[in-house]
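The structure appears right after this line, and notes come after that.
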Ligand SMILES: NC(=O)c1ccc[n+]([C@@H]2O[C@H](COP(=O)([O-])OP(=O)(O)OC[C@H]3O[C@@H](n4cnc5c(N)ncnc54)[C@H](O)[C@@H]3O)[C@@H](O)[C@H]2O)c1
Ligand SMILES: NC(=O)c1ccc[n+]([C@@H]2O[C@H](COP(=O)([O-])OP(=O)(O)OC[C@H]3O[C@@H](n4cnc5c(N)ncnc54)[C@H](O)[C@@H]3O)[C@@H](O)[C@H]2O)c1
Ligand SMILES: [Zn+2]
Ligand SMILES: [Zn+2]
């Protein structure tokens, strides 16, 4: 079983290929893209240990000249310095306009590789081979690339589209469970904001908290539907002027929680889970969403093993202040994405600080 | 007298405004663009000393909140480090998506400011106020932005279009004469490759070697025609796949000469002048161009005060080798842009090393 999602944008088109066990065929797929001979594979040592050989052998077998560059794992390495190192490697190996940078990794590797590809010789070919669930369903799609500024996440970057997104769900077998759940939080998000069927499929599945309990077919289906949801949204709004905001469902509060906990104790997926629960309650209190559907959402979040209460160490006044600082604030109003039914959300700036505070109290 | 050139590209449109004495009106022009309130003016101390106050006062009078950042003059500062410093300033002053970076300077400042604007928050508003002739007629148009890699010029960058190019030819009065002539080399280039009328106008003008000899109207006309020529070419080929190559007329050999002399003794304009003379002779020897027209070109180059012989210290074997390394080489063949009549060129890979060598011998 192989899924292919065509992505058609005003000035470019590419495919997202999702096939269990496809990794050894990567080279063959790339042969259709008329790339130059040189490919620089960028990864981190953890991921490269697992999948580096498969990828490199496949590329060599298909006639590519392969170079590799490994960056230590983790968000702290998502910096302009790491990009400068990629440039040095690109120069050393004489990458040309027709050459390719290929990201083999999670969102950190994908974002950096994309930015380096966007800016080396003003843009060379870029291939995404996402290996984390979050990268598969979120980070690898939509063309956002970039690095962190010492004082803020993702402040430096470019919109740049890959020539191919190549997803082998089977590589998730080595992904740490906490990372898996973080990705599942985004999958649930797509169910709530866009795809009722996806939501229903997740609900019907008995266990969702680890990969072991999932059939190959089920996994491929939910990844495919999630990718399709993101593609639907970003194709209608490539540069983030309107609709794309709905992808921030659960993220308004999520980001505040993440930044207050220093991105350590609570990870992105956990924070987004809490954010979705809070947004659901807010929507219910505003009379926009039924209690029943809001509870169905919360149960799903619980089922993937994410916490459904907010750590009591979190100071609610701090959260409210942090929300005010967030870039999604327009003219002093916090913009919330709120569900109206499963598969549909609206954007609202009618959410008062009191309401947010009340809902957060309930979640402690 | 005011000239306005509309630039229409697939996904954006903007204007090039060319008006003698317009600098104090900059703020009013920007008011039409619906920019956010914050503008970061990026310049170098030399240029800022002359024109900083005029620009900043005009912006403040129009209600903008103005920040400035100065980078030391010169190509050695066109680095990723300088960009990182711009990011720091952008962060410190909380530039937002709707904010603007404005380049007040020559091509070095323009290229860097454009790249910083392209990559801060994945793209904020960018305004070009070119102050050198070369920046007015060449660097500020076409969307190429970027910086140098320690081991090669312009290897890092992005295609990014400004919201406005705002040209006041009168600022050229303070431009060093050697820089003026470098810009004039590009003006002649447009005459030869694209605009016969421009060429004729330059020919009719008695003296061309310094700005003092030029009428305001004449200066504005040749700048406008040059900008129009570049716009014509790049609009048909935004991302440099075909036609845009003709802008490299005189540059194939020019770059080789520049890089061999270490970008110091011979500057860009001088090298391009020599390159055009050589290309003209090659075209003549291949029977593509008349000797008469080729001599008309050489006379014009002489009239703007550029050297018409190649320094004997230049080793011709080195030049030929350097040509082979150039990025304009396709499959081992050096691609030359050759005139067929004034205002028309073709792209040829029929130029043998012997022919190049012979022509260069003649120029010593
Ligand atoms: N570009 C976008 O649109 C977008 C969207 C969302 C997130 N992001 C970015 O993505 C990043 C987060 O991505 P992430 O969650 O993938 O984090 P990550 O890239 O840090 O990966 C998480 C961890 O999992 C490991 N890993 C990944 N795949 C593995 C596998 N198959 N087997 C074993 N280990 C594996 C990684 O080595 C890493 O330690 C953030 O920097 C975020 O800003 C970008
Ligand atoms: N983006 C493009 O398409 C493109 C095209 C051609 C060249 N370039 C780039 O442009 C740069 C060259 O541009 P340049 O020739 O303007 O060099 P530059 O920016 O270094 O300016 C030349 C000198 O003139 C000074 N100067 C500029 N305007 C002045 C004024 N009005 N009064 C007094 N002094 C003034 C500058 O301070 C500098 O010392 C190179 O880095 C080149 O790569 C870019
Ligand atoms: Zn997320
Ligand atoms: Zn030039």
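Chains as they are written, first to last, in the UniProt record's numbering: chain A, 1 to 364; chain B, 1 to 364. Here a beta-carbon is modelled for each residue, glycine too, at the ideal position from N, C-alpha and C. Here the structure is a predicted model, which means the values were calculated and not measured.
Handout entry: Within chain A, the residues that residue 151 of chain B reaches when beta carbons sit closer than 7 Å
Key = Here residue 151 of chain B refers to the residue found at position 151 of the second chain. By Cβ distance, chain A contributes 91.
Exercise for the section: Identify every residue that forms a DSSP beta bridge with residue 15 of chain A. Expected result: Residue numbering aside, residue 15 of chain A sits at position 15 when the first chain is read from its first letter. Paired residues: A/6, A/164.
Practice task
Consider the C-beta atom of residue 53 of chain A and the heavy atoms of ligand 3; say whether any pair is separated by less than 7 Å.
Solution key: Within the first chain, the letter at position 53 stands for residue 53 of chain A. Checking the Cβ of residue 53 of chain A against ligand 3 gives no.
Handout entry: residue 252 of chain B beta carbon less than 8 Å from that of residue 334 of chain B
Key = Position 334 of the second chain holds residue 334 of chain B. Position 252 of the second chain holds residue 252 of chain B. Contact flag set, yes.
Practice task
Say whether chain B places a C-beta atom closer than 8 Å to the C-beta of residue 183 of chain A.
Solution key: As a first step, residue 183 of chain A is located in the first chain; it is residue number 183 there, counting from the start. Residue contact with chain B for residue 183 of chain A: absent (no Cβ-Cβ distance below 8 Å to any residue of chain B).
Practice task
If I'm right that residue 108 of chain A touches residue 74 of chain A with Cβ under 8 Å, what's the distance once you round it to whole angstroms?
Solution key: The residue you call residue 108 of chain A lines up with position 108 of the first chain. The residue you call residue 74 of chain A lines up with position 74 of the first chain. Indeed, because the Cβ distance is near 7 Å, the residues count as touching under 8 Å.
Practice task
Name, going along the chain, the residues of the region 148-172 of chain B whose beta-carbon falls closer than 7 Å to a beta-carbon of chain A.
Solution key: 149, 151, 152, 155, 156, 157, 158, 159
Problem - Beta-bridge pairing of residue 119 of chain B - partner residues as DSSP gives them - result: On the second chain, position 119 is the one that residue 119 of chain B refers to. For residue 119 of chain B, which the question treats as bridged, DSSP gives no partner whatsoever.
Exercise for the section: Inspect the CB distances between the region 157-169 of chain A and the region 29-39 of chain A and report whether three or more fall short of 8 Å. Expected result: yes
Problem - Inter-residue Cα distance where the pair is residue 256 of chain B and residue 336 of chain B - result: For the purposes of this step, residue 256 of chain B is identified with residue 256 of the second chain, where counting begins at 1. For the purposes of this step, residue 336 of chain B is identified with residue 336 of the second chain, where counting begins at 1. Spanning the two alpha carbons is a distance of roughly 13 Å.
Handout entry: Beta bridge counterpart(s) of residue 157 of chain B as assigned by DSSP
Key = To locate residue 157 of chain B, count along the second chain from 1; it is residue 157. Bridge partners of residue 157 of chain B: B/146.
Handout entry: residue 291 of chain A - DSSP class collapsed to helix/strand/coil
Key = Along the first chain, one-based indexing puts residue 291 of chain A at 291. The answer is helix: DSSP assigns residue 291 of chain A an H, G or I state.
Exercise for the section: Identify every run of the beta strand (DSSP E) within the region 26-76 of chain A, keeping only runs that are complete inside it and at least 3 residues long; order them along the chain. Expected result: For the region 26-76 of chain A, whole beta strand (DSSP E) runs of length 3 or above, ordered along the chain, are 38-43, 65-70.
Exercise for the section: Whole angstroms is fine: what's the gap from residue 21 of chain A's alpha carbon to residue 291 of chain A's? Expected result: Against the first chain, residue 21 of chain A aligns to sequence position 21. Against the first chain, residue 291 of chain A aligns to sequence position 291. Residue 21 of chain A and residue 291 of chain A: Cα-Cα distance of roughly 41 Å.
Exercise for the section: Mind the definition here: the region 173-193 of chain A touches the region 335-349 of chain A only if three or more C-beta pairs lie below 8 Å; say whether that holds. Expected result: yes
Practice task
Following the continuous beta strand (DSSP E) through residue 341 of chain B, name the residue where it begins and the one where it ends.
Solution key: Residue 341 of chain B sits at position 341 when you count from the first residue of the second chain. Segment 336-341, the beta strand (DSSP E) holding residue 341 of chain B.
Problem - Local conformation of residue 152 of chain A per DSSP, three classes - result: Working through the first chain from its first residue, we reach residue 152 of chain A at position 152. Residue state, collapsed to three classes: strand.
Practice task
Keeping to the same chain, check which residues put their C-beta closer than 8 Å to that of residue 156 of chain B; ignore five residues upstream and five downstream.
Solution key: The sequence position of residue 156 of chain B within the second chain is 156, counting from 1. Closer than 8 Å at Cβ, skipping near neighbours: 80, 115, 146, 147, 148, 149.
Exercise for the section: Kindly provide the ranges of any alpha helix (DSSP H) runs that are 4 or more residues long and lie completely inside the region 227-305 of chain B, ordered along the chain. Expected result: 251-260, 268-285, 291-303
Handout entry: Backbone CA spacing between residue 315 of chain B and residue 271 of chain B [nearest angstrom]
Key = Locating residue 315 of chain B in the second chain gives position 315, where the first residue counts as 1. Locating residue 271 of chain B in the second chain gives position 271, where the first residue counts as 1. Roughly 15 Å separates the two Cα atoms.
Handout entry: Interfacial residues, the region 111-133 of chain A to chain B, with Cβ spacing under 9 Å
Key = 115, 118, 119, 120, 121, 122, 123
Problem - 7 Å Cβ shell around residue 142 of chain B - same chain, five flanking residues per side excluded - result: Counting from one through the second chain, the residue named residue 142 of chain B turns up at place 142. Contacts found: 230, 234.
Problem - Chain-ordered chain B contacts of residue 84 of chain A [CB-CB under 7 Å] - result: The count along the first chain starts at 1 and reaches residue 84 of chain A at position 84. 80, listed in chain order.
Exercise for the section: Give a yes or no on whether the C-beta atoms belonging to residue 208 of chain B and residue 308 of chain B are separated by under 8 Å. Expected result: The residue you call residue 208 of chain B lines up with position 208 of the second chain. The residue you call residue 308 of chain B lines up with position 308 of the second chain. No; because the gap between Cβ atoms is not below 8 Å, this pair is not in contact.
Exercise for the section: Quick one: grab the DSSP three-state call for residue 333 of chain A. Expected result: By one-based count along the first chain, residue 333 of chain A stands at place 333. Strand.
Problem - C-beta neighbour in chain A for residue 36 of chain B, strict 8 Å - result: Numbered from its first residue, the second chain carries residue 36 of chain B at position 36. Residue 36 of chain B does not count as touching chain A.
Problem - Strand pairing of residue 126 of chain A, partner residues [DSSP] - result: Mapped onto the first chain, residue 126 of chain A falls at position 126. A/101.
Exercise for the section: Since I believe residue 59 of chain A is in contact with residue 39 of chain A (beta carbons under 8 Å), could you give me their beta-carbon distance rounded to a whole number of angstroms? Expected result: Indexing the first chain from 1 puts residue 39 of chain A at position 39. Indexing the first chain from 1 puts residue 59 of chain A at position 59. Contact flag correct, Cβ pair sits at about 6 Å.
Problem - Within 8 Å, strictly: CB atoms of residue 243 of chain A and residue 236 of chain A - result: Translated into the one-based positions of the first chain, residue 243 of chain A becomes position 243. Translated into the one-based positions of the first chain, residue 236 of chain A becomes position 236. For residue 243 of chain A and residue 236 of chain A, yes; Cβs fall inside 8 Å.
Exercise for the section: Count the other C-beta atoms from every protein chain shown that fall within 10 angstroms of the C-beta of residue 359 of chain A, then say buried if there are 16 or more, exposed otherwise. Expected result: Mapped onto the first chain, residue 359 of chain A falls at position 359. Classification of residue 359 of chain A: buried, given that the 10 Å Cβ count is 16 or more.
Practice task
Please report the residue range of the beta strand (DSSP E) in which residue 345 of chain A lies.
Solution key: Here residue 345 of chain A corresponds to residue number 345 of the first chain, with the count starting at 1. Per DSSP, residue 345 of chain A belongs to the beta strand (DSSP E) from 344-348.
Handout entry: Nearest neighbour of residue 9 of chain B, chosen from B/205, B/232, B/134 [CA to CA]
Key = Walking along the second chain from the start, residue 9 of chain B turns up at place 9. By alpha-carbon distance to residue 9 of chain B, the top candidate from B/205, B/232, B/134 is B/232.
Handout entry: Spatial distance of residue 69 of chain B from residue 267 of chain B (CA atoms)
Key = As a first step, residue 69 of chain B is located in the second chain; it is residue number 69 there, counting from the start. As a first step, residue 267 of chain B is located in the second chain; it is residue number 267 there, counting from the start. Spanning the two alpha carbons is a distance of roughly 27 Å.
Handout entry: Contacts of residue 146 of chain B in chain A (Cβ-Cβ under 8 Å)
Key = Here residue 146 of chain B corresponds to residue number 146 of the second chain, with the count starting at 1. Those are 119, 122, listed as they occur along chain A.
Exercise for the section: Rounded to whole angstroms, what's the CA-CA distance from residue 321 of chain B to residue 151 of chain B? Just pull it up for me. Expected result: Sequence index remark: in the second chain, residue 321 of chain B carries index 321 (1-based). Sequence index remark: in the second chain, residue 151 of chain B carries index 151 (1-based). Cα to Cα, residue 321 of chain B sits roughly 18 Å from residue 151 of chain B.
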